[in-house]
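Engineer:
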Amino acid sequence: GSEGDFKPVGKRAGAITYAHAYAYAYAYAYAYAYTNAIAIAITNANTNAYAYAIAIALAEELKKLKIFKDVNWTELIAQLKLLSDQLPDADQPKQVHLAFADRLLGIWCNALHLDPEIVKLSEEEAEALRDYLSANHLIIKCKEAAVRISAKTWEEIESRMLLVPENSTI
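For the sequence shown, the numbering used here begins at 107 and goes up steadily by one.
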């Protein structure tokens with residue numbers, strides 16, 4: 107139901123891709139910062155600032171794509187910019203960085219109307235998501251290679267891709 111000029115499966119794929127890329131980049135930046143805190147304190151501050159700049163750029167790009175419905179992008183971007191002024195220094199304790207990360211996650215989840223608990227994936231859940239996305243990618247590659255699949259059949263397959271099953275506990 108969003109305004110973007112994409113098929114529903116494209117919107118779902120875009121949303122998942124951007125969310126996954128953002129979560130991975132953000133988690134990597136903070137994990138890297140914690141692991142090497144003493145040796146690269148200055149680099150960490152730059153890494154965190156860079157990751158934050160990416161978060162703001164991502165919000166601006168998603169606003170243009172219009173693949174999400176009912177998101178106040180102007181407010182989200184303003185909140186991200188306001189929070190960027192409070193970015194912890196590299197020498198701050200791990201707890202300060204974790205609290206900041208939780209605030210950032212809360213801002214994104216609030217804007218996208220998501221429960222923060224469902225976006226915090228365990229390693230097993232993250233691996234299952236990667237496998238699921240890989241399977242969908244394989245389906246698309248098969249579609250591109252297949253010459254005998256009708257457009258109607260492909261549309262039926264595509265309409266069921268990247269959806270949460272009805273019997274899911276999510």
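Just so it is clear, CB atoms sit at the ideal spot from N, CA and C, and this is done for glycine as well.
Every value quoted in this text rests on a predicted model; they were computed, and no experiment measured them.
1) Report the three-state DSSP secondary structure of Ile255 (helix, strand or coil).
2) Using the three-state DSSP reduction, which class does Ser228 fall into: helix, strand or coil?
3) Within this structure, are the beta carbons of Gly212 and Pro222 separated by less than 8 Å?
4) Would Tyr238 pass as a contact of Leu193 if the rule is Cβ separation under 8 Å?
5) For His243, is the classification buried or exposed, using 16 other Cβ atoms within 10 angstroms of its Cβ as the cut-off for buried?
6) Using only alpha-carbon positions, find the residue among Ile246, Ala196 and Lys175 that is nearest to Leu220.
7) Pick out whichever of Lys170, Leu171, Asn273 and Arg209 has its Cα sitting closest to the Cα of Leu188.
8) Out of curiosity, what's the CA-to-CA distance linking Val225 and Leu269?
Structural biologist: Put simply:
1) coil
2) coil
3) yes
4) no
5) exposed
6) Lys175
7) Arg209
8) 16 Å
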